[in-house]
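**Q** If you scroll down you'll find the structure; I have some questions about it.
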Amino acid sequence: MPAQTESILVLLGTLMRWVSTTVLMVGLVAIGCNDDTPRVAQPAALKEKGTQQLETFATFTGPMPTGVAVSKSGRVFVNFPRWGDPVELTVAEIKNGKAEPFPNLAYNKLNTNEAEKCLVSVQSVVVDDRDSETALPFHS
Numbered sequence: 463m464p465a466q467t468e469s470i471l472v473l474l475g476t477l478m479r480w481v482s483t484t485v486l487m488v489g490l491v492a493i494g495c496n497d498d499t500p501r502v503a504q505p506a507a508l509k510e511k512g513t514q515q516l517e518t519f520a521t522f523t524g525p526m527p528t529g530v531a532v533s534k535s536g537r538v539f540v541n542f543p544r545w546g547d548p549v550e551l552t553v554a555e556i557k558n559g560k561a562e563p564f565p566n567l568a569y570n571k572l573n574t575n576e577a578e579k580c581l582v583s584v585q586s587v588v589v590d591d592r593d594s595e596t597a598l599p600f601h602s
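Just remember that the working numbering sits 462 ahead of the position in the sequence shown, which is counted from 1.
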């Protein structure tokens, strides 16, 4: 085989490997790229699915809640960790648009001398399958 033909074959082989690698890479990128743009359902689309429009249930000023839990019966619980802001309630139940201490005000009152007898700084609230409320406290 002449040297010129051999060089052309080597060049063609290299070109084919480059093309197949490029096609493979483009294909992998295309498969891995998902459109993760948030989409907002328009009111008409909501009605078609039988859902209602969102409405304000409660608003907060001051310390902001970091967790919300809703029981099967519709009770709503929120928590406010003590991360530096003055926090009166670290766990509350929302009743008539107001944050009411849960389970009571005395247990929400911070007592650093007897931290085991109070909620120090609740990071999250959860309602389990049995509709039992659980607070995940952080004692520091």
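Ideal Cβ positions, reconstructed from N, Cα and C, are used throughout, including at glycine.
My output table needs one value for GLY536: the three-state DSSP class, helix, strand or coil.
**A** Of the three classes helix, strand and coil, the one that applies to GLY536 here is coil, per DSSP.
**Q** Could you check if LEU598 is buried or exposed, using at least 16 other CB atoms within 10 Å of its CB as the buried criterion?
**A** For LEU598, the pLDDT reaches just 49, beneath the cut-off of 50, and the residue's location in the model is therefore unreliable, although a value from the coordinates is still provided. Classification for LEU598: exposed.
**Q** Report the three-state DSSP secondary structure of VAL549 (helix, strand or coil).
**A** Looking at VAL549 - three-state DSSP - the assignment turns out to be coil, as it is neither helix nor strand.
**Q** What is the rounded straight-line gap between the Cα of ALA484 and the Cα of SER469?
**A** The question names Ala, yet the displayed sequence has Thr at residue 484. Cα-Cα distance, rounded: 22 Å.
**Q** Thinking C-beta only, is SER583 closer than 7 Å to PRO548?
**A** For PRO548 and SER583, no; Cβs fall outside 7 Å.
**Q** Taking the beta strand (DSSP E) that ALA561 belongs to, which residues open and close that run?
**A** It spans 560–563 - the beta strand (DSSP E) in which ALA561 sits, taken as one unbroken run.
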